Structure formats: C-alpha cells, structure tokens
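Novice:
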Amino acid sequence: MSQGTYLPVLDRNHLKTISRAMKTRRPLEEVAAELEFSSVDDLLEATATAVGIDLVDLDRVEVDGSLLEGFPIKLIHRFEVFPLRRRSDSLTLAVSNPFDIHAIDAISAETRTAVTPVLVEGEQLRGLIKSHLGVGAETIDGMLAMQKGEDQELLQSLNGQDLEDVEQAQQASVVRLVNEILTAAIDVRASDIHVEAQEHGLKLRYRIDGVLQKQPTAAEMNQFRNAIVTRLKIMAKLNIAEKRVPQDGRIKLRTKGREVDIRVSMIPMLHGEGVVMRVLDKENLSFSLRGIGMSENIYQSFQKLIRLPHGIILVTGPTGSGKTTTLYSALAEIKNEENKIITTEDPIEYQLQGINQIQVNPKVGLTFAASLRSILRHDPDVVLVGEIRDLETAESATQASLTGHLVFSTLHTNDSAGAFMRLCDMGVEPFLVSSTVEGVLAQRLVRRLCSDCCEQDVRSRGEAPEDFPWDEMLDSRKAIYRPVGCPNCRGTGYRGRMGIYELLTANEEIRNLATERVPSTELKKASRRAGMTTMRHDGWKKVIAGETTIDEVLRVTKADD
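Each residue of the sequence shown is one higher than the last, beginning at 11 in my numbering.
Laid out in structure tokens, this is it:
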C-alpha cells in the first residue's frame, strides 16, 4: 500500500463478510470491490490491523523448510497454514484465514508451542505449500491415511494387476489427485505435462513457455504410479490392459468455467509407461498474426502471400515452434463468406468457426494425400494440409496449387531456404517446386521478458555475440534487458512467448536457383539480397525493442552464414 492511501474502516459486519469469504474461498477481489477497497492488498492490510496481527508478503520472507520436520503435515492441508520461523517459546505461522481460531489452537496443542499467526494472501500461501510439499500432496496424505493397517506387501503385489489398478484408479482420491495434476498445469500456463516413470519413482514436469520445469511432488506419490497412469487411460478412453504398444487419446476437461482439450500420448518405457499430455487451452488463445509477434514488415509481406489466388505457402520449424498457430492465424485473417476453406489435420488441435476441418485417420486409409484428393472435389478456394510428410502428399499439394487452389502446409526444416530442397529430396520435380511455392515462413518461439522484474543488461560490446547489431541498438537509443525473476513469472524472468520469423518470398532468381537444385545456402543468400530479414536478425530486433533477451535468441537460433 502506498503511503497516505485511505483505507475504509472495518466494522463487525465487514469482518463477518471477510471471514465468510476466506472460509468459502470467495475471490477477495470481489470482496475488496464490495467494501470499496482499491485492492486486495489494502483489504488484507485492513483485516490484519483489525484482528491485531501482521500482514506478511512471502516474497520478502525467507522460509525455513526444515521447520516441516516433525510438524504435523496433515494440519497444513486441513487449515491451510505454514510454519515460517520458530523461536524457543513460539512458532510464527502463516495463515490465510485469521478468523479460524480453531486452527491456531489445534496447531498450538499439537506442537506444544505458543503460536503467533501472521496473515498471508491465500494464493501466495497455497503456492508456498505446493512448492514445499508437491502437487497433490494433500490428496496423497489422505490416500496414505486410508491405507493404514493394510498389508503393504499385498498392496504392492496387487498393484501389478489390471483389475486392482482399475479399482484404485476409480477411487475418489486418485481421481482428485489426477485432476490436481492437470489443473495445476493449466493454472501455470503449461503447454505440456510429462509424467515419467523412473527407476526410483515418478517424475512430474511441466513445459512452461517452451522450457521444461520439474514440479515438486510428494515422495509417497510413487506408490500410486500405476493408479495415476490407469486413471489417465480411463479419462483418455484408451485400452487400460495394453501396456506394450504406444497409445494416443484425448481428454476433455472443464476447469474454472472453461473447457480445455488435452492430447494424451503413452509410450511403454523401461520402468513403466511414460505419459506426455499437450494442453490445448482454447479460451486463452486468440489467432492473430500481429498477436504472435510478427513485425510490421514481415506482416505486410505475409498478408500479400496469404491473399494470392493459388500457390503453396509453407511454414517451417521444429515441433512446438508455433507453426499451427501461425497457419490458423492466417486462415482467420482471410476467411469470409466468399471463399471456402478446408483443412486436413492430424490431429485437429482447435476447432475454427467458419472453416471445414477433417481429422486424418490412417487406420482407415484417410491419409493427408487421400483426404486432399477428396477435398478438391468439394470446390475449395483455400486448403490447409497439416504437414507434408511424404512424396504422395507433396505431389497432391503441388497438383492442387497448379489447379487454382491456395495451399497452406508445414514442413520440418531449419530455415526457410531449406524447404525447397526438402520437397525435391522427397521426389517432387524441381521445376514443379519452383513454380508452385510462393513463400516460406520459418519461425521459432522465444520467451517474452517479464515486465514486472526485468532489469537493464549492462554487458559490454565485447561480451555480446559477434553478430549482435550493437550500432543499431545505439542508434535506437534503447537499452537491452535481462531476466530477474518474481512471483508473477514463477522466478524465471519470462512470461509468455512470441515468434521470431524469416519470410522467403519467391522471386525470379530464387525460382531459377531452385530449378537448378542449388544448395539451400545459395537460396538463402539470394533471399537476403532481395531484402529478407533472417530469424536471427528478427530476434535481435526484438531484443533491442526490450521484448526478449540475447540469451533467448542464442537458445533457439544459430548465427547466419
């Protein structure tokens, strides 16, 4: 709270409202607005003053994790509290509900120590508990309590049996545990969830902003490894008895009022089945070329390409580089009532209004090539092929473009120039490649700097990469920044991602070189002579603009030849 800020006076009725909200976990933002506080922080400060305790910001407190030794963990979950420090005669306890006198009395009696409560914001406290005790720790604690008195050897022998796995997976506690793993991933904006079977237990990792981060989990979770995997199979409608071959499925989850799709992939590994889940949060995604970080000059050139009457437009990059999002954004910009757009995808990641989408199914012969041949009989203007993987699909896409259709697709190449050689290597005639490919957009994703905690990068010219445009930065009179880390970015210094791009537009020189099958390095030189901005340089421009960092650009690109 800033000095001199006016705080409304809390009377008995106000305190009852706040107490009820904290007990039921009603959003404090609503209560603050209702009681005419300018922020939740002000509400909490007034509440702490009214009940006679201190308000503590956990970001400014060093928490001693050793206090958990001998502390009744079940009470942490039951009352949502956490021990902060201990003195000879008292224990300082973080609480999210200072009105719960029973919680303070119970912990004082259990620890035989006088308790001094301090008020902590609820989400902050729950994050602290999760970071020290792991995802789903409360549920696991309850599951272990239910097992007390059971023959552990019998339990371990039953865990290997499918029937027991199913029964355990259907228990409310296991259902709740798996839901906690999934919802925690959605809350931290994870794009992927990795559940990995290790020799000595289970490892849980979330991919956040393109980087895997290990999640703390209770050691006892290992006892429920089979039940967790079986529960995920049940949710994804997979064969729970099949553990020898890979399986793919899909989970539809509703959390916090919105629907989330989760693609599930299971692969048998040495110590059990490994699970990777791709989180597709439709509510938090908007398809806009400007919104994904495309600079103005590339945006204008790409706009001209996606409005051509026919030809092939390719988007290239490795898995997870945002190719599908770019293609969907392009389709969203050109769709209208005057054109018909049909896509063939594997899988359909997002359902798009006003666009006809086909799910590839190789098991029944519906491949990219087969579906593309059928699509052309439906009189489309624009066709999107999820990926060109083989000669048959490449030839079908080429023929579609030659017969007056605009074809969008993706390829796995390192840069834009490599797309021409990749198609030729598949077996497409070079003259067909050069005459049909109108443009290639290569891209990578870099993490955006967290605006709440970044600070100026004071490295010297000699410490920067050799190809960093130092003079361009000085001319712009802008500073470059580096990550620091704060609660809003989970201590990483980054929050969200954006694309860096290079757009190769085919001109006469490039078409002639492609027909002659010259190396991709020659094609790249020709495209740079024509004015193409490379991915590396596009990344440096975003560094100078203060949007990302030098280290991020170095992580995803290599120096231009």
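Beta carbons: idealized from backbone N, C-alpha and C, even for Gly. Bear in mind that the values here come from a model prediction, so they are computed numbers and not experimental data.
Thinking just about the alpha-carbon of each residue, which of Cys464, Glu482 and Glu133 is nearest to the one in Arg471?
Specialist: In the sequence shown, the residue the question calls residue 471 occupies position 461. Comparing Cα-Cα distances from Arg471 to each of Cys464, Glu482 and Glu133, the minimum goes to Glu482.
Novice: Quick check: Leu430 and Leu337, are their CB atoms within less than 8 Å of each other?
Specialist: Numbered from its first residue, the sequence shown carries residue 430 at position 420. Numbered from its first residue, the sequence shown carries residue 337 at position 327. Here residue 430 turns out to be Phe, not Leu, going by the sequence shown. Their beta carbons are not under 8 Å apart, which means Phe430 does not touch Leu337 by this criterion.
Novice: Taking the CB atoms as reference points, tell me whether Leu280 and Val270 lie closer together than 8 Å.
Specialist: The residue labelled residue 280 in the question sits at position 270 within the sequence shown. The residue labelled residue 270 in the question sits at position 260 within the sequence shown. No, the pair does not count as a contact, with Cβ atoms beyond the cut-off.
Novice: In its own chain, which residues sit with a C-beta less than 6 Å from the C-beta of His204, not counting the 5 before and 5 after it?
Specialist: Taking the sequence shown and counting its residues from 1, one reaches residue 204 at position 194. So the list reads Arg215 and Val286, once near-sequence residues are dropped.
Novice: Would you please state the rounded distance, in angstroms, between the beta carbons of Ser141 and Thr123? I believe it to be under 8 Å.
Specialist: Counted from its first residue, the sequence shown places residue 141 at position 131. Counted from its first residue, the sequence shown places residue 123 at position 113. The Cβ separation is near 24 Å, so there is no contact.
Novice: Which residues share a DSSP beta bridge with Gly509?
Specialist: The sequence position of residue 509 within the sequence shown is 499, counting from 1. DSSP, once it has assigned bridges, lists Leu455 as partnering Gly509.
Novice: If I measure Cβ to Cβ from Ser331 and keep anything under 6 Å in the same chain, skipping five residues before and after, which residues do I get?
Specialist: If you number the sequence shown from 1, residue 331 lands on position 321. Excluding positions up to five away in sequence, the list reads Gln453, Arg454 and Leu455.
Novice: Going by DSSP, name the residue or residues bridged to Asp271.
Specialist: Locating residue 271 in the sequence shown gives position 261, where the first residue counts as 1. Bridge partners of Asp271: Lys262 and Leu290.
Novice: Check whether the Cβ atoms of Thr227 and Leu212 sit closer than 8 Å, and answer yes or no.
Specialist: For this step, residue 227 is matched to residue 217 along the sequence shown. For this step, residue 212 is matched to residue 202 along the sequence shown. Result yes, Cβ atoms of Thr227 and Leu212 sit closer than 8 Å.
Novice: Relative to the alpha-carbon of Gly259, which residue among Pro357, Arg300, His210 and Leu129 has its alpha-carbon at the smallest distance?
Specialist: Residue numbering aside, residue 259 sits at position 249 when the sequence shown is read from its first letter. Comparing Cα-Cα distances from Gly259 to each of Pro357, Arg300, His210 and Leu129, the minimum goes to Pro357.
Novice: Taking the straight line between their C-alpha atoms, what separation do you get for Thr525 and Ala555?
Specialist: Locating residue 525 in the sequence shown gives position 515, counting from the first residue. Locating residue 555 in the sequence shown gives position 545, counting from the first residue. The alpha-carbon atoms of Thr525 and Ala555 are separated by roughly 39 Å.
Novice: On the DSSP bridge list, what partners appear for Leu376?
Specialist: For the purposes of this step, residue 376 is taken as residue 366 along the sequence shown, with counting starting at 1. In DSSP, Leu376 forms a bridge with Asn371.
Novice: Taking just the CA atoms, how far does Glu532 sit from Leu433?
Specialist: Against the sequence shown, residue 433 aligns to sequence position 423. Against the sequence shown, residue 532 aligns to sequence position 522. About 16 Å.
Novice: At which residues does the beta strand (DSSP E) containing Pro93 begin and terminate?
Specialist: Reading the sequence shown from its first residue, position 83 is the one you call residue 93. Note, Pro93: beta strand (DSSP E), Val91 to Arg96.
Novice: Assuming Thr126 is part of the beta strand (DSSP E), what are its boundary residues?
Specialist: As a working mapping, residue 126 is identified with position 116 in the sequence shown. Unbroken beta strand (DSSP E) run through Thr126: Ala124 to Leu129.
Novice: How many angstroms separate the CA atom of Ile139 from the CA atom of Asp67?
Specialist: Counted from its first residue, the sequence shown places residue 139 at position 129. Counted from its first residue, the sequence shown places residue 67 at position 57. C-alpha separation (whole angstroms): 15 Å.
Novice: State the start and end residues of the unbroken alpha helix (DSSP H) segment that holds Ser29.
Specialist: Residue mapping note: residue 29 aligns to position 19 of the sequence shown, counting from 1. Segment Arg22 to Thr34, the alpha helix (DSSP H) holding Ser29.
Novice: Could you tell me the distance, in whole angstroms, from the CA atom of Met545 to the CA atom of Lys551?
Specialist: Walking along the sequence shown from the start, residue 545 turns up at place 535. Walking along the sequence shown from the start, residue 551 turns up at place 541. Answer to the nearest angstrom: the Cα atoms are 10 Å apart.
Novice: Let's test the definition: count the other Cβ atoms within 10 Å of the Cβ of Val566 and tell me whether it reaches 16, buried, or not, exposed.
Specialist: Taking the sequence shown and counting its residues from 1, one reaches residue 566 at position 556. Its Cβ being crowded by 16 or more others within 10 Å, Val566 is buried.
Novice: Note down the Cα distance separating Arg539 from Tyr511, rounded to an integer number of angstroms.
Specialist: For the purposes of this step, residue 539 is taken as the residue at position 529 of the sequence shown. For the purposes of this step, residue 511 is taken as the residue at position 501 of the sequence shown. Cα to Cα, Arg539 sits roughly 17 Å from Tyr511.
Novice: Report the rounded CA-to-CA distance for Arg317 versus Glu343, giving the unit in angstroms.
Specialist: The count along the sequence shown starts at 1 and reaches residue 317 at position 307. The count along the sequence shown starts at 1 and reaches residue 343 at position 333. For Arg317 and Glu343, the distance between alpha carbons rounds to 9 Å.
Novice: Could you please give me the residues that DSSP links to Phe418 through a beta bridge?
Specialist: Within the sequence shown, numbered from 1, the residue matching residue 418 stands at position 408. Looking at the DSSP assignment, Phe418 forms a beta bridge with Ile323 and Leu394.
Novice: With 16 other CB atoms within 10 Å as the buried threshold, where does Ser296 fall?
Specialist: Translated into the one-based positions of the sequence shown, residue 296 becomes position 286. With fewer than 16 Cβ atoms within 10 Å of its Cβ, Ser296 is classed as exposed.
Novice: If you run the structure through DSSP and keep just helix, strand and coil, what is Gly449?
Specialist: Reading the sequence shown from its first residue, position 439 is the one you call residue 449. It is a strand residue.
Novice: Grab me the residues of Ala516's own chain with a C-beta within less than 7 Å of its C-beta, minus the 5 sequence neighbours each way, in chain order.
Specialist: Counted from its first residue, the sequence shown places residue 516 at position 506. Here the set comprises Val447, Glu448 and Gly449.
Novice: Is the distance from the Cβ of Arg500 to the Cβ of Gly220 below 8 Å?
Specialist: Position 490 of the sequence shown, counted from the first residue, corresponds to residue 500. Position 210 of the sequence shown, counted from the first residue, corresponds to residue 220. It is not a contact, given that the beta carbons lie outside the stated cut-off.
Novice: Quick check on Ala200 - is its C-beta less than 8 Å from some C-beta in chain D?
Specialist: The structure shown contains no chain D; it holds only a single protein chain.
Novice: Tell me the residue span of the alpha helix (DSSP H) that contains Ser461.
Specialist: Position 451 of the sequence shown, counted from the start, is the residue given in the question as residue 461. No alpha helix (DSSP H) holds Ser461; DSSP gives it neither H nor E.
Novice: If you measure between the beta carbons of Pro390 and Ile352, is that distance less than 8 Å?
Specialist: By 1-based counting over the sequence shown, the position of residue 390 is 380. By 1-based counting over the sequence shown, the position of residue 352 is 342. The answer is yes: Cβ separation under 8 Å.
Novice: To the nearest angstrom, how far is the alpha carbon of Leu77 from that of Leu103?
Specialist: Indexing the sequence shown from 1 puts residue 77 at position 67. Indexing the sequence shown from 1 puts residue 103 at position 93. Rounded to the nearest angstrom, the two C-alpha atoms are 11 Å apart.
Novice: How many whole angstroms separate the CB atoms of Ala407 and Ile322, which I take to be in contact at a CB cut-off of 8 Å?
Specialist: To locate residue 407, count along the sequence shown from 1; it is residue 397. To locate residue 322, count along the sequence shown from 1; it is residue 312. That belief holds up - the Cβ atoms of Ala407 and Ile322 are roughly 6 Å apart, short of 8 Å.
Novice: Give me the residue from Thr329, Ile83, Ser384 and Glu355 with the minimum Cα distance to Val370.
Specialist: Within the sequence shown, residue 370 is the residue found at index 360, counting from 1. If we check each option's Cα against that of Val370, Glu355 comes out closest.
Novice: Pull the bridge partners of Arg217 from the DSSP assignment, please.
Specialist: Here residue 217 corresponds to residue number 207 of the sequence shown, with the count starting at 1. Answer is Asp202 and Leu222, bridged to Arg217.
Novice: Could you tell me which residues DSSP puts in a beta bridge with Asp561?
Specialist: Taking the sequence shown and counting its residues from 1, the one referred to as residue 561 is at position 551. Paired residues: none, contrary to the question.
Novice: Compute the Euclidean distance between the alpha carbons of Ile560 and Ser444, then round it to the nearest angstrom.
Specialist: Translated into the one-based positions of the sequence shown, residue 560 becomes position 550. Translated into the one-based positions of the sequence shown, residue 444 becomes position 434. Rounded to whole angstroms, Ile560 to Ser444 spans 35 Å at the Cα level.
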